[in-house]
Amino acid sequence: MKRYNAIAIFVITAGLASAWVVTPPALAQQRDRDRVEQHMREIEERIERAMHEGREGEVEQLRREQAEIHEQLEQRERQERDRDIDARRHREELERRDMLEHREELEHRDMEMKRHSMEMKRREMELERREMELERREMELERHAMELEIRAKEMGVEMHQVELEHKKMELRSNPMYMAIKAIDAASERLDPNEAVELFSTLLEESEHYPVQMHLRERIVELCLKLDRREDAIEHLRRIILCEVE
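Residue 1582 is where the sequence shown ends in our numbering, and the numbering goes up by one at each step.
Rendered as structure tokens:
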């Protein structure tokens, strides 16, 4: 009888374990419960028959078998609860890590945005500083022009000659847009012939393409005013060829 009970317990336990491994957890658990309930019903029936027939020893043995099965079931349930707790803790740990990584990523992006903003502000300040430097240079040029005018009056020199020298110096020392501005001013104030001569000289000396093009445009306008059509056509042709290239 003891051997039979041990074999039965082993078969039930092995069946439960194999069902858990081979089948999905939910289905395996349901099959385990069905098998255990079926086996418990069989034991109850055997206990009733043994009691009815007066086999007290067999009744005691069957009740011990019942207790062992109950203990195994409780142990199995504890193991399942422990697995569930471990799985839940593992999920919580993964979620915590994901949240931490996401937070670190957001903090990194925030730092990058702040760094980019600071860099933009720095560039803006640098541009403002350059603009102030250009304004300062412009004021220095204006001051120098005023000094030249005063000297010209003191020395009795013709104003347009002083202005001519001043414009030459301005075009050679100032940034390109200031040079273009000076070209326009010289074109309006100087004698057309003197302006053409000045612009031709500067055209040979200048190395900046925008300044060269602006000089040629003004030379074309002045040559047309002076009825120097061939010179105007030549400079216009050079403008067109440069733009095509």
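Glycine included, each C-beta is placed from N, C-alpha and C at the ideal position.
Since the model is a prediction, treat every value here as computed from it, not as a measurement.
In this structure, the beta-carbon distance from Ser-1543 to Ala-1532 does not fall below 8 Å. DSSP places Glu-1554 inside the alpha helix (DSSP H), whose first and last residues are 1546-1562. When C-beta atoms of the segment 1397-1409 are compared with those of the segment 1372-1381, three or more pairs fall below 8 Å, so the two segments count as touching. Residue range 1529-1542 is occupied by the alpha helix (DSSP H) that includes Leu-1539. Setting aside the 5 residues that flank it on each side, Met-1388 is surrounded in the same chain by Val-1396, each with a C-beta closer than 8 Å to its C-beta; the list follows chain order. Taking every protein chain shown into account, the CB of Glu-1402 has 16 or more other CB atoms within 10 angstroms, so this residue is buried. Distance from the CA atom of Leu-1399 to the CA atom of Arg-1368, rounded to whole angstroms, is 23 Å. Put simply, the backbone Cα of Phe-1536 is about 10 Å away from that of Glu-1554. Shown here for Arg-1575: same chain residues with a beta carbon closer than 7 Å to its own, the five before and five after excluded, namely Arg-1553 in chain order. Annotated as distal: Leu-1578 and Val-1557, with beta-carbon spacing of 8 Å or more. Rounded to whole angstroms, Arg-1413 and Glu-1429 show a C-alpha spacing of 24 Å.
Only buried fits Ile-1520, as 16 or more other CB atoms lie within 10 angstroms of its CB.
Taking each of Met-1455, Leu-1437, Glu-1393 and Arg-1565 in turn and checking the Cα distance to Pro-1529, the smallest one comes out for Arg-1565. A direct Cα-Cα distance of roughly 27 Å separates Asp-1423 from Glu-1441. If you draw a straight line from the Cα of Arg-1415 to the Cα of Arg-1452, it is about 54 Å long. Residue environment analysis places Leu-1559 among the buried positions, since at least 16 neighbouring C-beta atoms fall within 10 angstroms of its C-beta. By the beta-carbon neighbour count (other beta carbons within 10 angstroms, threshold 16), Ala-1569 is buried. Here Ile-1487 is exposed, its C-beta having fewer than 16 other C-beta atoms within 10 Å. In the structure shown, Gly-1394 adopts helical secondary structure according to DSSP, grouped into three states.
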